[in-house]
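**Q**
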Amino acid sequence: MFTDISEIVADVDRGMIPANVYSDEEIFELEKERVFGRAWMFLAHESEVPEPGDYVLRRILDDSFIVVRDDAGQIRVLFNMCLHRGMQVCRAEVGNASFFRCPYHAWTYKNTGQLNGVPYHKDAYGGKRGLLKEEMNLLSPPSVDSYNGMIFASLDEDAPSLDEYLGDFKFFLDFYTRQSEEGLEVTGPQRWRIRANWKIGAENFAGDTYHTPHTHQSVVEVGLFREPKASKRKLGALYFADIGGGTTYHLPPGSFDEKVAYVGYPESMIEGMKEMWSPEQQAMISEAGFMPSAATILPNLSFVHNWPQINEDGLVVPFISIRQWQPVSATETEVYSWFAVDKEAPDWYKKASYKAYLMCFGSSGMFEQDDVENWTSITTVAKGQLAKRLKLHSRMGLDREGELLHEPVENWPGPGRAFTGFGEYNQRSLLRLWGQYMLGNDPVRAKDFTPTPL
Amino acid sequence: MEMIPYTNDTHQEVHQFLVVEAELLDSRRYQDWLNLFTEDIVYRMPVRVTKAHTLEGSVLYGMDHFDEDLYSLKKRVQRFETEHAWTEDPPSRTRHFVTNVRVYPGEGDGEFRVKSYVLLFRSRGDTRDPDFLSAERTDVLRRSDSGFKIANREILVDESVLKTQNLAVFL
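Chains as they are written, first to last, in the numbering used here: chain A, 163 to 616; chain B, 1303 to 1473.
(1) Skipping 5 residues on each side, what residues in its chain have a beta carbon closer than 7 Å to that of Q589 of chain A?
(2) Chain A beta carbons: is any one of them nearer than 8 Å to that of A1324 of chain B?
(3) When the cut-off is 8 Å and only beta carbons count, does V422 of chain A lie next to chain B?
(4) Closer than 7 Å by beta-carbon distance: list the chain B residues that pair up with N473 of chain A, in chain order.
(5) Go ahead and pull the three-state DSSP assignment for L1458 of chain B.
(6) Less than 8 Å between the C-beta atoms of Q652 of chain A and N258 of chain A, yes or no?
(7) Taking C-beta to C-beta, are L397 of chain A and G585 of chain A nearer than 8 Å?
(8) Please state if the CB of W487 of chain A and the CB of S316 of chain A are separated by a distance shorter than 8 Å.
(9) Could you check if T493 of chain A is buried or exposed, using at least 16 other CB atoms within 10 Å of its CB as the buried criterion?
(10) Is there a Cβ of chain A sitting closer than 8 Å to that of K1417 of chain B, yes or no?
(11) Any beta carbon from chain B within less than 8 Å of S417 of chain A's own beta carbon?
(12) Which chain A residues sit within Cβ distance under 9 Å of D1369 of chain B?
(13) Taking a contact to mean a Cβ-Cβ separation below 8 Å, would you say L1473 of chain B touches L1443 of chain B in this structure?
(14) With 9 Å as the limit, tell me which residues of the stretch 1336-1362 of chain B have their beta carbon closer than that to any beta carbon of chain A; keep them in chain order.
(15) Indicate whether at least one CB of chain E lies closer than 8 Å to the CB of T1429 of chain B.
(16) Is S483 of chain A closer than 8 Å to W500 of chain A when the C-beta atoms are compared?
(17) Against chain A, does F1314 of chain B count as a neighbour if the rule is that its beta carbon must be under 8 Å from one of theirs?
(18) Whose C-alpha, out of A:E195, A:A518, A:R353 and A:D186, is nearest the C-alpha of R1350 of chain B?
(19) Would you mind stating whether E319 of chain A and P304 of chain A have Cβ atoms separated by less than 8 Å?
(20) Between M163 of chain A and chain B, is there a C-beta pair that is closer than 8 Å?
(21) With 16 other CB atoms within 10 Å as the buried threshold, where does Y1308 of chain B fall?
(22) Residues in its own chain within less than 7 Å of W469 of chain A by CB, not counting five upstream and five downstream?
(23) Let me see if you follow: with CB-CB separation under 8 Å, is H1386 of chain B close to chain A or not?
(24) Quick one: what does DSSP say T538 of chain A is sitting in, helix, strand or coil?
(25) Among A:G451, A:A423, A:K609 and A:I432, which has the Cα closest to the Cα of P415 of chain A?
(26) What residues of chain B sit near D532 of chain A, judged by a beta carbon separation below 7 Å?
(27) If you follow the alpha helix (DSSP H) that I167 of chain A is in, where does it begin and where does it stop?
(28) Considering only their Cβ atoms, is the gap separating R1455 of chain B from Y1345 of chain B smaller than 8 Å?
(29) Report yes or no: do three or more beta-carbon pairs, one from the stretch 216-224 of chain A and one from the stretch 1314-1331 of chain B, lie closer than 8 Å?
(30) Given a threshold of 16 other Cβ atoms within 10 Å of its Cβ, counted over all protein chains shown, does K517 of chain A qualify as buried or as exposed?
(31) Have a look at G407 of chain A and A181 of chain A and give me their C-alpha separation to the nearest angstrom.
(32) Mark T374 of chain A as exposed unless 16 or more other C-beta atoms lie within 10 angstroms of its C-beta, in which case mark it buried.
Below, the structure written as structure tokens:
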């Protein structure tokens, strides 16, 4: 049981995190309403449902949604609950359907969500006198929108627009999701459950470069990935802009082409990037020298981009993964992990990049394996009595008075704020946003709030 | 093709091979386990999904939990041999229960197609509930001078959402 959410938020804002935020069921109940009930939540990528009738079943915690491309090609997000008695009208995870028929009384809906068939309509309802099918639709979330093919929904009728919500983070999102005109091809997800609080993964991907040299030492030792050594990792920039933040690696000197080729992209893809990315986006890689790696958007959507060696001949190939930390309870999370690759990439590259993904991340990934062991262990011990009194130290980069130890990166070509060196700037920013949501505030539209105070 | 009878020596040899393999995995003799594979091994575990009407094709197109060649299997084993593979240090206690073994003639000379059920019990630490993974494996075994080698393995896992923290284990 927690005493007062404003006390918790005050602690979080100064980088001292009450350990039970990673285990307390009451805090989780409040998160369901105030964070997941209001934030924009990722559901699916358009490429997962390429043809009319294609659908995938997705959740926002306990709410089940059918993400379907209707017969006219429009993507719909339908609440998976029959208007009559509330049965789920779709119980497969993926498929193709023109209609969804409820197994209980056979009410049938078109893939637009409109009620199309009601058995014994005349006998049971007096036909149109009792029930006007044409005006009845499966519910939809109040807000649905997409960015670069990524479909989001918010359960909040008063949510800011998706554009406003993503804000300046879109600058960084494009690195992962817009490498050519065609955009991404997304496959998956792998799904598995970990006995860890959802925030731990979200924070880790947002900015924890400090764990990389130690937690992932084994992958360097076996020659899977050359970058995570501490000496290299601390040179990367940690950036945060509006609703999310991420990590980068600093690359050896060279032009844009040379730097992108260094991580393993073929020439045809580099041309695509140059067409899609603004001069400022390109400058982040070429002039500033920072290549995006992991990132998180509040609340629970993360990305990762690494470039491991995938065969005996030393072939280095990058991969992109999109992942969601879907909470099951305060102490359990279902991980959804997708593989993403640019649609216009050469076939050999798609295959090699997929291999790179499976070796590093996902249910069997050699990086991911060690992360989860840490997060499970934290959550287990955060359930204890003494954990309620422990405030976890998340103040790296600040002095004891709370002043910044280092100056932000000068001439940062992107939006937001960036630092090099080790520091928990992004984790604090992410949890500051979380705190505002938990208080019932709207940090996206608030004029007097910033997730990145100096 | 017709199943090779249980009373046939080949069935007995194959069954013994799978039981010995399970012992190697459960005692973490991974280098010995790697020796059971051919150079051209394809080791796959597709992602399973719930589809309407049928179990046919109930795998997710284009996505696997494992899609390994000998290089990546070796890397996984090599990683466990470092002192920094925390996920299995301390190690899980595992049991691979292998049953329902069915042996069929294979396509090539000295090749057999082998189906088996496997139930993996995995216990970690002293406070967590154990995990289970249930699957059917379809193997292609090839006879060699040093006994059978696994040339292909497809693992059809029964859960669409795995209830284990990672696949730092093999099936």
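Glycine included, C-beta positions come from ideal geometry on N, C-alpha and C.
Keep in mind the model is a prediction, meaning the values are calculated, not measured.
**A** Looking at the atomic coordinates:
(1) Short of 7 Å from the beta carbon of Q589 of chain A, and not among the five residues preceding or following it, lie these beta carbons of its own chain, in chain order: E365, A368, G369, D370 and S556.
(2) Not one chain A Cβ lies under 8 Å of A1324 of chain B.
(3) Chain B contact via Cβ: absent.
(4) Under the 7 Å cutoff, chain B gives Y1373.
(5) The answer is strand: DSSP assigns L1458 of chain B an E or B state.
(6) Missing from the structure shown is residue 652 of chain A; chain A here goes from 163 to 616 and no further.
(7) Against a cut-off of 8 Å, the Cβ pair of G585 of chain A and L397 of chain A comes out as no contact.
(8) No Cβ-Cβ contact shorter than 8 Å links S316 of chain A with W487 of chain A.
(9) So T493 of chain A counts as buried.
(10) Output row for K1417 of chain B: interface = no.
(11) No, S417 of chain A does not count as interfacial toward chain B.
(12) Simply Y516, K517 and L520.
(13) With respect to the 8 Å criterion, L1473 of chain B and L1443 of chain B are not classified as neighbours on the basis of their beta carbons.
(14) From the stretch 1336-1362 of chain B, only M1347, V1349, V1351, T1352, K1353, A1354, H1355 and L1362 have a Cβ closer than 9 Å to chain A.
(15) Absent from the structure: chain E. Protein chains present are A and B.
(16) A contact, by the Cβ cut-off of 8 Å.
(17) The sequence given here has Gln at residue 1314 of chain B, not Phe. Under the Cβ distance rule, Q1314 of chain B does not count among the residues neighbouring chain A, no pair being separated by less than 8 Å.
(18) Ranking A:E195, A:A518, A:R353 and A:D186 by Cα distance to R1350 of chain B puts A:R353 first.
(19) Yes, they are a contact pair.
(20) No answer about M163 of chain A holds up, because its pLDDT of 48 lies below 50 and its placement is not dependable.
(21) The residue is exposed, with fewer than 16 neighbouring Cβ atoms inside 10 Å.
(22) Answer for W469 of chain A: V425, G426, V478, V479 and P480, listed in chain order.
(23) True, the Cβ-Cβ gap to chain A drops below 8 Å.
(24) Shown here, T538 of chain A sits in a helix according to DSSP, grouped into three states.
(25) Answer by Cα proximity: A:G451.
(26) What D532 of chain A touches in chain B: A1387, W1388 and T1389.
(27) Unbroken alpha helix (DSSP H) run through I167 of chain A: I167 to D175.
(28) With a cutoff of 8 Å on beta-carbon distance, Y1345 of chain B and R1455 of chain B are scored as near each other.
(29) By the Cβ rule, the stretch 216-224 of chain A does not count as touching the stretch 1314-1331 of chain B, because fewer than three pairs are nearer than 8 Å.
(30) Residue environment analysis places K517 of chain A among the buried positions, since at least 16 neighbouring C-beta atoms fall within 10 angstroms of its C-beta.
(31) For G407 of chain A and A181 of chain A, the distance between alpha carbons rounds to 22 Å.
(32) Buried.
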